[in-house]
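J.: Numbering of the sequence shown is given in this note's numbering, commencing with residue 356 and proceeding in unit increments. Got a structure for you, written out below as structure tokens; questions coming shortly.
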Amino acid sequence: MMTKVALAAATLLVGAAAVAGVVWSAADVDTVGRHRFEQELRIPPLLAPRTDAAGRKVFDLDLRSGRSELLPGTRTETWGVNGPHLGPTLRASRGDTVLMRVRNRLPEATTLHWHGMHLPAHADGSPHQPVAPGATWMPSWKIDQPAATLWYHPHPHDRTADHVYRGVAGLWILDDPQARMAELPERYGVDDIPLILQDKRLDDDGRLDFGQHAISPIGRLGDTVLVNGTHDPHLRVRHRRVRLRLLNASTARVYNVGFADDRDFTLVGTDSGLLERPERVRRIQLSVGERAELVVAVRPGERIVLRSHPPELGTDVFNNRFAGGADTLELLELRAAETLVEGPEPPARLADHERLDLAAARTRRFELSGSASINGRRMDMDRIDDVVALGSTEIWEVHNRAGIPHNFHVHDIHFRVLGEGGRRPPAHLRGWKDTVYVAPGETVRFAARFTDYADPRTPYMFHCHILEHEDRGMMGQFVVVQPGDEPEHLGDHP
Ligand code: C2O
Ligand code: CU
Ligand code: CU
């Protein structure tokens, strides 16, 4: 009798262990050797703006649904801008005034947020500027910030992950001719290549899988990576030096980008602009929403593979595995021509950075705990969490109290990460940023100046950019006001 019970218990245990083992080993994704890089990398088209009578650059953006061949031979229902999937690359210069005409032909309300843009809050495309189906939204602002690789994506309350996952996202390239110090590769699609990274789960018929991962602490992790919407891509390279503009436009995944042969490359820019000096690195890690610009040198005739190596998430072994910390993903093969056009090495000095005076800076603290709140509060459209005085410089201190990965993004501004204990921050955090990874147990401090736009009625957002967390409520709102002003009540937003 006893032995039978013991046997049954033992069988159960072994069974549970086996299930756990299967879940465990199924959790990591390794696509090395599974790629032949057969498709030519798609390059999102540059959208040429028209100029209106007032001299504004007008960009026409139609949000629509359609069908796309994400996997060869299948059709996937997707959403996009001016096409069925993803959107065109927008480009403008410092000093330009832009007018965006955003028409929503999707079946539900959405917004379009200009991630990384310094602009008035009413033009931001946050959850407070919904565009109903059939409606057109027309924000306008003057571009006044350094050259950078920004992006745009929907930001509807509770629905951001879904809308981005369906495919609404694109790049915004800003130029600053006045501040140009030296030459970098800059022929779009020729030696200046955008790389939008997104992971998907697709079933055999090519349908997008919207299911949540039962165990993952960060949400849906796909086993198929698309670059600019291209599966299994290669890029023909005719120049010795190529600039790659990387964007992590996934919903949850962190990429640790480098080359399969571990060659080094030159990091020239981060989220909000060029670095002061180039940094030689072998890896650049990008959490959701982050960008990086790098320049890599190729040799005639060679083929090299850009890969996402296992990211360093700083979590325990269990969470690491289920947050994609053990995953290796092939991204793109670069195929160099036999004869290459020579180009100069990136210059020793790339940009001049404005110094922030921290003498009078006040410090604000943000605690990330669980996966749905900041400072213990969930996002509430009617609550202003923080009031910032126009013209002030502040230090924001973000502490991750949860055992799981988070990052932190702030609208409107760009910030400098502060080194701890007198040390300089690591290479990838030495430039201007608008989104930063915050590992479990870690505190990240950064400084920013809040300039130009005061509006007591319309808030900007700060949030974890892991979109499932953001949608669950890991987001807050701040207003920028004239010194001494109070925020106005928000209860009557549309
Ligand atoms: Cu990229 Cu609040 O967003
Ligand atoms: Cu943003
Ligand atoms: Cu998070």
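Here a beta-carbon is modelled for each residue, glycine too, at the ideal position from N, C-alpha and C.
1. Need the endpoints of the alpha helix (DSSP H) that His518 sits in, please.
2. For Gly839, does the count of other Cβ atoms within 10 angstroms reach 16, so buried, or fall short, so exposed?
3. When burial is assigned at 16 or more other CB atoms within 10 Å of the CB, is Met357 buried or exposed?
4. Mind checking Phe817: buried by the 16 CB within 10 Å criterion, or exposed?
5. Use the C-beta contact count for Gln832: other C-beta atoms within 10 angstroms, 16 or more gives buried, fewer gives exposed.
6. Could you pull out every residue in the same chain whose Cβ sits closer than 6 Å to the Cβ of Thr452, ignoring the five residues on either side in sequence?
7. Which residues in the same chain as Arg608 place their Cβ atom closer than 6 Å to its Cβ, once the five residues preceding and following it in sequence are excluded?
8. Considering Cα atoms alone, identify which of Gly442, Pro781, Pro795 is closest to Gly758.
9. Should His470 be listed as close to ligand 2, given that the test is whether its C-beta is under 6 Å from any heavy atom?
10. Quick check: Leu396 and Leu590, are their CB atoms within less than 7 Å of each other?
11. Taking DSSP as the reference, what is the three-state secondary structure of Phe614?
12. Kindly confirm or deny that the segment 445 to 465 and the segment 426 to 433 touch, where touching means at least three C-beta pairs closer than 8 Å.
13. Grouping DSSP H, G and I as helix and E and B as strand, with all else coil, what is Gln500?
14. Is the Cβ-Cβ distance between Pro511 and Val523 less than 7 Å?
15. Taking buried to mean at least 16 other C-beta atoms within 10 Å of its own C-beta, is Val834 buried or exposed?
16. Determine which residues share a DSSP beta bridge with Ile620 and list them.
17. According to DSSP, is Gln533 helix, strand or coil?
18. On the three-state DSSP scale, how would you describe Asp826?
19. Following the continuous alpha helix (DSSP H) through Phe677, name the residue where it begins and the one where it ends.
20. Excluding sequence positions up to five away, which residues of its chain have a Cβ less than 6 Å from the Cβ of Ala615?
21. Among residues of its own chain, excluding the 5 on either side of His824, which ones have a beta-carbon nearer than 6 Å to its beta-carbon?
22. Rounded to a whole number of angstroms, what is the C-alpha to C-alpha distance between Leu687 and Val582?
23. Kindly list the residues whose CB is nearer than 8 Å to the CB of Pro781, restricted to its own chain and excluding five residues on each side of it in sequence; keep chain order.
24. Just grab the DSSP bridge partners of Ile729 for me.
25. Any heavy atom of ligand 3 inside 6 Å of the beta-carbon of Gln821?
26. With distances taken Cα to Cα, identify the nearest neighbour of His754 among Phe721, Thr621, His764, Phe770.
27. In the structure shown, what three-state DSSP assignment does Ala652 receive?
28. Which residues in the same chain have their Cβ closer than 6 Å to the Cβ of Gly786, if we skip the five residues on either side of it in sequence?
29. DSSP has Thr465 in a bridge; who is on the other side?
30. Skipping 5 residues on each side, what residues in its chain have a beta carbon closer than 6 Å to that of Thr579?
31. Tell me whether Gly796 counts as near ligand 1, meaning its Cβ is closer than 6 Å to at least one heavy atom of that ligand.
32. In its own chain, which residues sit with a C-beta less than 7 Å from the C-beta of Val592, not counting the 5 before and 5 after it?
33. Along the chain, where does the beta strand (DSSP E) that runs through His764 open and close?
34. Do you know offhand how far Val793's Cα is from Ala803's?
35. Which of the three DSSP states, helix, strand or coil, is assigned to His440?
36. For Ile570, count neighbouring Cβ atoms within 10 angstroms of its own Cβ and tell me buried if that reaches 16, exposed if not.
T.: According to the structure shown:
1. 515 to 521
2. exposed
3. Note that Met357 has pLDDT 48, beneath the 50 cutoff, so the model's placement of it is unreliable and the number below is only indicative. Exposed, because fewer than 16 other Cβ atoms sit within 10 Å of the Cβ of Met357.
4. buried
5. buried
6. Arg411, Lys497
7. Asp554, Leu576, Gly679
8. Pro795
9. yes
10. yes
11. strand
12. no
13. coil
14. no
15. buried
16. Note that residue 620 is Phe in the sequence shown here, rather than Ile. Val636.
17. helix
18. helix
19. 672 to 677
20. Val660, Arg662
21. Ser726
22. 8 Å
23. none
24. Leu723, Arg732
25. A quick correction: the sequence has Ile, not Gln, at residue 821. Checking every heavy atom of ligand 3 against the Cβ of Ile821, one is found closer than 6 Å.
26. Phe721
27. strand
28. Thr625, Leu630
29. Val486
30. Lys555, Leu557
31. no
32. Val653, Leu689, Arg690, Ala691, Ala692
33. 761 to 765
34. 17 Å
35. coil
36. exposed
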